[in-house]
Amino acid sequence: LLLRRLYPYLGALQSQPSRYLEAFFRQGLEAADDPLFSHMPRFTLTRRIRQFYSADLATTINGYDPLEEMRSSLPAEFKSWHPLSRAQYLETGCLLPGYILSSQGDRVAMAHAVEGRFPFLDHRVVELGAALPPTMKVKGLREKHVLREALGRHLPSSIVERPKQPYRAPDSESFVQGDAPDYVEALLAPDAIRSAGYFDATAVERLVRKCRSPLGRLSAGDNMAFLGILSTQILHSCYVRALI
1 LLLRRLYPYL GALQSQPSRY LEAFFRQGLE AADDPLFSHM PRFTLTRRIR QFYSADLATT
61 INGYDPLEEM RSSLPAEFKS WHPLSRAQYL ETGCLLPGYI LSSQGDRVAM AHAVEGRFPF
121 LDHRVVELGA ALPPTMKVKG LREKHVLREA LGRHLPSSIV ERPKQPYRAP DSESFVQGDA
181 PDYVEALLAP DAIRSAGYFD ATAVERLVRK CRSPLGRLSA GDNMAFLGIL STQILHSCYV
241 RALI
């Protein structure tokens with residue numbers, strides 16, 4: 001089944017029946033003309049954290065839709081672009097600066113002079129890549145097509161033809177199982193959650209129990225919510241509470 005080739009590194013997804021995969025990947029197809037279509041699965045999953053908001057925060061931001069704000073900020077000609085170009089624009093503008101470069105090691109590596117993938121961040125390389133036609137970037141399921149073709153003679157075929165290897169790391173289990181850092185307990189305690197004011201203490205407590213349960217089946221949404229809550233509590237502790 002073609003759908004199983006999209007994310008071969010996700011064991012849980014691979015074990016799902018074909019009907020589930022078809023239903024999962026069919027979601028949102030009726031909104032294929034949405035400018036944010038390529039990233040809606042990610043945005044939808046991330047927005048589930050709203051169920052953990054405190055009543056005060058939910059009231060404060062009631063009516064605000066960040067996706068509508070994003071749509072309104074897109075270039076006027078955005079809808080006329082190739083779907084791959086639209087997806088790359090969103091990835092480069094929204095996720096690359098504030099998330100990918102931070103969470104996947106680029107900034108840490110640069111700060112310590114460790115050689116990484118910095119040549120690809122050179123603005124001239126980025127501009128050249130953006131000017132290439134989509135057919136040179138992806139060929140079927142073969143990503144980085146033009147890069148593989150350009151450097152194929154300099155690298156072993158095992159590297160050139162290797163499927164993309166995503167950065168996979170434990171999520172919530174890193175913070176609640178085994179030798180969990182001491183600060184996790186303190187920052188996620190009900191009193192700390194209520195004091196910060198962003199999240200509902202009861203809902204967070206329920207999520208933490210689920211993460212700690214050996215029988216708990218955590219979804220991607222659970223993991224993202226946990227990490228989002230913990231990250232917010234850390235930022236609050238370092239940059240808000242420290243100033244009070």
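Residue numbering for the sequence shown follows our numbering, beginning at 1 and increasing consecutively.
Glycine included, C-beta positions come from ideal geometry on N, C-alpha and C.
Please list the terminal residues of the continuous alpha helix (DSSP H) segment that includes residue i.
| i | result |
| --- | --- |
| ASP65 | Premise fails: ASP65 is in no alpha helix (DSSP H) and is neither H nor E. |
| GLU151 | In the sequence as presented, Glu is not what sits at residue 151; that position holds Leu. Counting along the chain, the alpha helix (DSSP H) containing LEU151 begins and ends at 145 to 151. |
| PRO41 | 40 to 46 |
| LEU21 | 18 to 26 |
| VAL247 | Residue 247 is absent from the model: the chain starts at 1 and stops at 244. |
Taking the alpha-carbon positions, what's the residue i to residue j distance?
| i | j | result |
| --- | --- | --- |
| ALA87 | SER38 | 6 Å |
| GLY228 | TYR198 | 11 Å |
| GLU205 | ALA220 | 18 Å |
| SER15 | THR44 | 23 Å |
| GLU22 | LEU3 | 8 Å |
| THR135 | ARG124 | 20 Å |
| GLY63 | ARG71 | 16 Å |
| ALA55 | ALA203 | 12 Å |
How close, in whole Å, do the beta carbons of residue i and residue j come, if the pair is a contact with beta carbons under 8 Å?
| i | j | result |
| --- | --- | --- |
| ILE49 | MET224 | 7 Å |
| VAL138 | ARG148 | Contact doesn't hold; Cβ gap of about 11 Å is too wide. |
| ASP200 | PHE52 | 6 Å |
Give me the residue from the options with the minimum Cα distance to residue i.
| i | options | result |
| --- | --- | --- |
| SER172 | GLU127, ASP222 and THR135 | ASP222 |
| PRO133 | LEU84, HIS154 and PHE52 | LEU84 |
| CYS238 | LEU187, LYS79 and LEU155 | LEU187 |
* Asked: Which full runs of the alpha helix (DSSP H) of 4+ residues lie inside the segment 183 to 222, going along the chain?
  -> Taking 4 residues as the minimum length, the alpha helix (DSSP H) runs contained wholly in the segment 183 to 222 are 190 to 196 and 201 to 212, in order along the chain.
* Can you check the segment 84 to 171 for any alpha helix (DSSP H) of at least 4 residues that lies completely inside it and give the ranges in chain order? => Runs of the alpha helix (DSSP H) inside the segment 84 to 171: 106 to 111, 123 to 131, 134 to 137, 145 to 151 and 157 to 160.
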